[in-house]
Amino acid sequence: MGIKPSPPGGCSDSPLRMSDEVRQSLDALDACLQEHRDALVLAEALPPLLAQLRALYPVHRTAFSAADIRLLKRIPAIVEAAEDFSDLAGDVPGVRGDGEILSYLEALQELRVLLQGTALELRVRREIRVLQQRAPGAAARVKAATRVHRLRALELQAWPCRCGEVMTLRQPKSGGQYWGCSTYPRCEYTHQLTDKQKAFLDG
Ligand SMILES: [Zn+2]
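Mapped onto the numbering used here, the consecutive letters of the sequence shown carry residue numbers 1306 to 1508.
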């Protein structure tokens, strides 16, 4: 008698505060990507932020948008690309000859795609311009290769199929491209690319 039912959700953190913590961590991650032009500083700053968000995720799933999750999935590749760029950028002044310039251009284009939307991407672009001016012939050849890199980058960020497996980009001989399930013919699910994905592919 006289015992009142305890209020629902007796947790000390209100749902609002919990999602605030997620939002703050996501903002910190975004600031990191937008501010650091030093590749090694970026590569060191990202893993702790990713670890923090991964720890928050199981408890606060609903606080993460689809775009947030896509970004988080990209972070390990961004860290690796930043480290690779740090190595490559040091070599650029000494790169000589069309063949060597071509291979550096290809590597830098690949890093540029992985680092898309970060401050470091601007530095990668600058190194690409420097090399392109040194060898205009190699620049034309690398343009074709860039599309392959973009395809690969899109696939890395793709949503899984509704069956849970990986989607891959299909390019029929008739032209265009679409998403198809990697387990085809077991799963025949397909869907179109978004306008944003098309624009990204066509650069
Ligand atoms: Zn499927």
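Yeah, the Cβ is synthetic: ideal placement off N, Cα and C, and Gly gets one too.
Selected residue, minimal CA-CA separation from residue i, among the options
{"i": "Cys-1486", "options": "Thr-1473, Gly-1480, Pro-1477, Ser-1479", "result": "Thr-1473"}
{"i": "Leu-1393", "options": "Cys-1492, Glu-1415, Thr-1488", "result": "Glu-1415"}
{"i": "Ala-1372", "options": "Tyr-1494, Ala-1463, Val-1471", "result": "Ala-1463"}
{"i": "Cys-1466", "options": "Leu-1459, Ser-1324, Leu-1456, Trp-1484", "result": "Trp-1484"}
{"i": "Gln-1329", "options": "Leu-1354, Asp-1343, Arg-1455", "result": "Leu-1354"}
{"i": "Phe-1369", "options": "Glu-1326, Gln-1437, Arg-1434, Val-1384", "result": "Glu-1326"}
{"i": "Ile-1383", "options": "Pro-1352, His-1454, Leu-1436", "result": "Pro-1352"}
{"i": "Leu-1420", "options": "Glu-1340, Ala-1333, Leu-1331, Asp-1507", "result": "Glu-1340"}
{"i": "Thr-1451", "options": "Leu-1413, Ile-1374, Thr-1495", "result": "Leu-1413"}
{"i": "Gly-1442", "options": "Tyr-1362, Glu-1426, Arg-1366, Ser-1408", "result": "Ser-1408"}
{"i": "Phe-1505", "options": "Cys-1468, Leu-1456, Arg-1430", "result": "Leu-1456"}
{"i": "Leu-1358", "options": "Asp-1343, Leu-1376, Leu-1347, Arg-1342", "result": "Leu-1376"}
{"i": "Gly-1469", "options": "Thr-1488, Glu-1426, Ala-1336, Asp-1335", "result": "Thr-1488"}
{"i": "Lys-1378", "options": "Leu-1498, Ala-1356, Thr-1367", "result": "Ala-1356"}
Cα-Cα separation, residue i to residue j
{"i": "Leu-1410", "j": "Pro-1490", "result": "37 angstroms"}
{"i": "Glu-1349", "j": "Gly-1480", "result": "42 angstroms"}
{"i": "Gln-1502", "j": "His-1454", "result": "13 angstroms"}
{"i": "Asp-1396", "j": "Leu-1345", "result": "16 angstroms"}
{"i": "His-1496", "j": "Pro-1363", "result": "29 angstroms"}
{"i": "Arg-1439", "j": "Arg-1431", "result": "13 angstroms"}
{"i": "Asp-1500", "j": "Glu-1460", "result": "15 angstroms"}
{"i": "Val-1361", "j": "Leu-1334", "result": "A small fix is needed here, since residue 1361 is Leu in this sequence, not Val. Near 14 angstroms, if we compare the C-alpha coordinates of Leu-1334 and Leu-1361."}
{"i": "Leu-1347", "j": "Ile-1374", "result": "19 angstroms"}
Beta bridge counterpart(s) of residue i as assigned by DSSP
{"i": "Cys-1486", "result": "Met-1472"}
{"i": "His-1496", "result": "Trp-1484"}
Same chain only: Cβ atoms within 8 angstroms of residue i, ignoring 5 sequence neighbours per side
{"i": "Cys-1316", "result": "For Cys-1316, the predicted model reports a pLDDT of 45, less than 50, meaning its position is unreliable and no value from the coordinates is stated."}
{"i": "Gly-1422", "result": "Leu-1338"}
Beta-carbon contacts of residue i that lie in its chain and below 7 angstroms, excluding the five residues immediately before and after
{"i": "Val-1435", "result": "Val-1397"}
{"i": "Thr-1482", "result": "Reading off the sequence, residue 1482 comes out as Gln, not Thr. Answer for Gln-1482: Leu-1474, Arg-1475, Gln-1476, Leu-1498, listed in chain order."}
Q: Mind the definition here: the stretch 1399-1407 touches the stretch 1374-1389 only if three or more C-beta pairs lie below 8 angstroms; say whether that holds.
A: no
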